[in-house]
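In the numbering used here, the protein residues as written are 2 to 106. Positions of the beta carbon are idealized from the N, C-alpha and C atoms, including for glycine. Single-structure report; data block below.
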């Protein structure tokens, strides 16, 4: 079994990784995979840079998207259902107008 040396990451890389994960709606696992690191490691860096370093000048402010990907997907499903219902209501109204127009003649 080969020995794998522990990888060391600079503070600049960690900060960029945290900022990248905060500025996107992608999951942490996806961002970590893109950067070639373990998702748990990214989670630890986020906790370290956001929570533990609030008092230092190195702190990263959480200014990411207001909604997560899951929230956006749920909203999308809700809006699709609402659109489908509205289209059905419009079809019913059109058919009713046609019916009453024929009866009125």
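For residue i, the first and last residue of its enclosing alpha helix (DSSP H)
i          : result
residue 44 : 40 to 48
residue 20 : 12 to 23
Under the three-state DSSP convention, the category residue i falls into
i          : result
residue 74 : helix
residue 37 : coil
residue 68 : coil
Cβ distance (whole Å) where residue i is taken to contact residue j below 8 Å
i          : j          : result
residue 15 : residue 44 : Contact flag wrong, Cβ pair sits at about 12 Å.
residue 69 : residue 25 : That belief does not hold up - the Cβ atoms of residue 69 and residue 25 are roughly 10 Å apart, past 8 Å.
Selection from the options that minimises the alpha carbon distance to residue i
i          : options       : result
residue 10 : 18, 3 and 34  : 18
residue 48 : 20, 73 and 34 : 20
Neighbourhood of residue i by C-beta, 7 Å cutoff - its chain only, sequence neighbours within 5 removed
i          : result
residue 40 : 29, 30 and 33
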